[in-house]
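Going by this note's numbering, the first residue of the sequence shown is number -9, and it counts up by one from there. The beta-carbon is built from N, C-alpha and C at its ideal position, and this holds for glycine as well.
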Amino acid sequence: MANQNQNEGSNRGFASMDEDKQREIASKGGRASHESGNAHEFSSEEAAEAGSKGGKVAHERGTAHEFTSEEAAEAGSKGGKAAHEKGTAHEFNSEEAAEAGGKGGQSSGGGNRR
């Protein structure tokens, strides 16, 4: 009897199921663990570390999304607004602001953006 997965020894068990069935069962388990209060809640540090690892792997594999400058600007703007709303945004002093402004002007070709 031919099997759809690489598990050639047996057609029993979770590993022998097709991906959609595995995903359905795993999803039910995740929902149940959250409902019962047993699910792991990631701290912001753990989430950042996991995201960083995932991004590195995606870039190594060549499957990472390459942002356009417009997408990057939109994402940065959303992040800045959220940080200000939460009160976690960095407040620049005048020296830092001048330095950042100078660097921004250099990288954008002297401010001739259109």
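Listed in chain order, the alpha helix (DSSP H) runs fully inside the segment 30 to 67 are 34 to 51, counting runs of at least 4 residues. In the three-state scheme derived from DSSP, where H, G and I count as helix and E and B as strand, F82 is classed as coil. Excluding five sequence positions before and after T78, none of the CB atoms of its chain fall closer than 6 Å to its own CB.
Counting only the Cα atoms, A73 lies some 10 Å from S67.
DSSP places A16 in the uninterrupted alpha helix (DSSP H) bounded by 9 to 26. Assignment of G77 by DSSP, reduced to helix, strand and coil, places it in the coil class.
Straight through space, the alpha carbons of E36 and A87 are spaced by roughly 31 Å. At a Cβ-Cβ threshold of 8 Å, A54 and A63 do not count as neighbours.
For a cut-off of 8 Å, the C-beta gap from S23 to A16 is around 11 Å, too long to register as a contact.
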